[in-house]
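In terms of our numbering, the sequence shown is residues 13 to 219. Working notes, structure below.
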Amino acid sequence: MPDVDADLARAWVAAVAASVTAHAAELTDLDAAIGDGDHGVNLRRGFDAAVAALAGFEADTAGAVLTKTGTTLVSKVGGASGPLYGSLFRALGKSLPAEVDAVAFGDGLRAGLDAIVRLGKAVPGDKTMVDALTPAVDAYAAAAPAGFAAAARAASAAAGEGAAATTPLQARKGRASYLGERSAGHQDPGATSTALIFAALAAVSDA
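This is how it looks when you write it as structure tokens:
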């Protein structure tokens with residue numbers, strides 16, 4: 013039996029949508045401080061659209077579910093976050109084999125990170141979602157031999173720490189970079205929403 017099947021992938025996307033809705037105001041406040049204030053609204057719209065798209069979508073594999081999610085995010089989310097999060101889920105989905113074990117899912121996460129880095133040209137320390145995503149992917153890979161649930165929990169913890177660590181940084185990418193030194197002292201909204209995504213993964217892995 014695979015560690016990650018279509019039902020678990022659907023549950024993850026639904027859990028992300030619920031979390032983004034619950035934290036939309038927080039994400040918007042963070043983005044208002046150093047961005048254009050629409051991160052929470054855009055992500056909520058995108059993941060709600062993904063849940064709706066999946067409701068009428070017949071898929072046998074996790075890869076198909078996550079690819080559909082990514083395609084929907086690209087088409088439905090405004091700003092930079094749509095292409096970035098869409099690329100993450102689409103690259104993850106397309107890289108997965110039909111039967112997904114813990115290691116294969118980690119390889120898929122790495123493919124998603126690589127897609128985002130190619131698209132956004134950000135590296136750790138730039139105060140972006142990459143500051144949460146990179147340690148999450150690394151922690152997942154390190155813990156994957158212990159199983160999917162353990163790896164998901166490790167990734168969630170690392171993503172949360174990575175997001176918190178963006179607070180003192182000065183942004184070097186995105187709209188926040190226009191603020192220069194004034195961008196320091198605020199947690200990055202993209203890193204924060206990335207941490208929510210991995211917290212949702214950990215939650216469904218334990219369900």
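All C-beta atoms in this analysis are idealised placements derived from N, C-alpha and C, irrespective of residue type, glycine included.
Close CB contacts of P201 within its chain, under the 7 Å cut and outside five residues either way in sequence, are with L39, L42, D43, G47, H51 (chain order). By the Cβ rule, the region 112 to 131 does not count as touching the region 170 to 185, because fewer than three pairs are nearer than 8 Å. Under the DSSP definition of a beta bridge, V112 partners with V16. Between V28 and V112, the CB-CB gap reaches or exceeds 8 Å. Annotation for K88: the continuous alpha helix (DSSP H) segment containing it runs 74 to 88. For R184, the secondary structure class from DSSP, reduced to helix, strand or coil, is coil. Counting only runs of at least 4 residues, the region 19 to 73 fully encloses the following alpha helix (DSSP H) elements, listed from N- to C-terminal order: 36 to 46, 51 to 67.
Nearest C-alpha to M141 among D126, A153, W24: D126.
CA-to-CA, the gap between R165 and A154 works out to about 12 Å.
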